[in-house]
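Undergrad:
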Amino acid sequence: MYRIDENSDFCPITKEIDGCGSKEYCDLDVFRAVAAKFRPEKPMPEFCEMDPNKKNNGVAELKWLSSMIACFLVYFKWWINISV
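Just so we're aligned, residue 15 is where the sequence shown starts under my numbering, counting upward by one.
(1) Can you give me the Cβ contacts of F61 inside the same chain, cut-off strictly under 7 Å, excluding the 5 residues immediately before and after it?
(2) Mapping DSSP to helix, strand and coil, what is C25?
(3) Quick check: what's the CA-CA separation for G35 versus K29?
(4) By Cβ distance below 6 Å, which residues in the same chain neighbour G33 in space, the five residues on each side in sequence not counted?
(5) Between K77 and C85, what straight-line distance do the alpha-carbon atoms span, to the nearest angstrom?
(6) Among I31, M82, P59 and E38, whose alpha-carbon lies nearest the alpha-carbon of R46?
(7) How close, in whole Å, do the beta carbons of C124 and Y39 come, if the pair is a contact with beta carbons under 8 Å?
Set out below in structure tokens:
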């Protein structure tokens, strides 16, 4: 059931949910399956603290830092070899 605001009447929306067909009432397992598709990967308090504008939340920065360290080590090893 859904209503736009406290002054509106309730209207059934169950028939709009995939798996319910045109039934007025639907099996609870169908609602659980729909909820599972949209459940966040992390607990809600942790999920709410994530920055949505930050991609991968640190993974990209870690990959970039690892790449820079690897490049530095290769360059340093090359520089040592030509200096000796």
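From the three backbone atoms N, C-alpha and C, an ideal C-beta is built for every residue, glycine too.
TA: Taking the geometry as given:
(1) Apart from sequence neighbours up to five positions away, the residues of its chain that approach F61 with a beta-carbon distance below 7 Å are P54, ordered along the chain.
(2) Strand at C25.
(3) Rounded to whole angstroms, the gap between the alpha carbons of G35 and K29 is 6 Å.
(4) Taking G33 as the centre and dropping the five residues before and after it, the same chain places the C-beta of V44 closer than 6 Å to its C-beta, in chain order.
(5) Roughly 12 Å separates the two Cα atoms.
(6) Of the listed residues, the one whose Cα sits closest to R46 is I31.
(7) Nothing can be reported for residue 124, as the shown portion of the chain is limited to 15 through 98.
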